[in-house]
Ligand code: SF4
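Residue numbers (this note's numbering): 32 to 357.
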């Protein structure tokens, strides 16, 4: 039986942070053996907000591709590619834009929120979820790994697939979400880890940078010094221990934090050591890839070729269904 298809994508924001890795990339890596998988670096999407800073894009794409491969995405098993290198994304976006009513896009929750908070009002920004739908439908994806905030976009993609199929005949499967199970990874200030908050730890940070960032992390505000009893359940350092420390270590930290026997300075050092240990093999592979940039560009070129084959097939089906010239 043919493998089911997964499409996943991230905007090129440069080196990945722990939130990207734990919340998305690890999940993709675990799926690549069982699915026909397309991992897309969606550079056109980033133009909705970065249209006036395009000089950073190429390096951000490169750094992200390095982290994808260093963390374990295998270019032999999945297509790792850049969206703009498969021009069919744009063609399908255009064709879908003819059949999707504007109010469908205006009611997407992130449109209203972000257009206000980021002051974005371009035509491309309104069409963001439509381009995302085109990304997914172009590979006739059965599943899309997403976080909860992206569920309305997948629902919209299903609506678009139904509308297209209803008008022209069955071309697209209705994609389902594959909700990512990982809890949100806290940043150094206790909020969700995000580059836009400046509270992130990157896979590419050095061990010293990592230890330095962790040494400044927020903790339980009631625990001012060693000896004060702490509340690990409200401490972001403890949340990171749950990812990077062993069960025995976590139990001991929980106990010693509450009793006051453990101080935050020592606990943060311990966390930094564990994170650095976990990331050491990824950082070593990333350093090799950065020293051989041609390998990375070749992986992206090869990925675009593989993705382009599938995208080409789909567009032939779409043009035939719509009775357009081939
Ligand atoms: S000892 Fe550790 S878990 Fe407890 S408050 Fe300090 S940093 Fe947080």
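We treat Cβ as the ideally placed atom computed from N, Cα and C, and that holds for glycine.
Here the alpha carbons of residue 196 and residue 44 stand approximately 35 Å from one another.
At a cut-off of 7 Å, the beta-carbon of residue 218 does not count as near ligand 1: no heavy atom of the ligand is closer than that. With a contact defined as Cβ atoms closer than 8 Å, residue 73 and residue 327 miss out at about 17 Å.
The residue among 155, 219, 324 with its C-alpha nearest the C-alpha of residue 133 is 155. Under the 10 Å beta carbon count, residue 63 is surrounded by 16 or more other beta carbons and is classified as buried.
Relative to ligand 1, residue 281 has its C-beta separated by 7 Å or more from all heavy atoms. At the C-beta level, residue 346 and residue 123 come within 8 Å of one another. A distance criterion of 7 Å places the beta-carbon of residue 263 in contact range of ligand 1, judged by its closest non-hydrogen atom. Judged by DSSP in its simplified three-state form, residue 61 adopts helix.
Nearest to residue 207 by C-alpha distance, out of 190, 215, 216, 223, is 190.
Sixteen is the threshold: when 16 or more other Cβ atoms of the shown chains lie within 10 Å of the Cβ of residue 349, as they do, the residue is buried. Residues of the same chain with a CB within less than 7 Å of the CB of residue 182, apart from the 5 flanking positions on each side, are 208 in chain order. In this structure, the CA atom of residue 320 is about 13 Å from the CA atom of residue 104. The segment 286-329 contains no complete beta strand (DSSP E) run of 3 or more residues.
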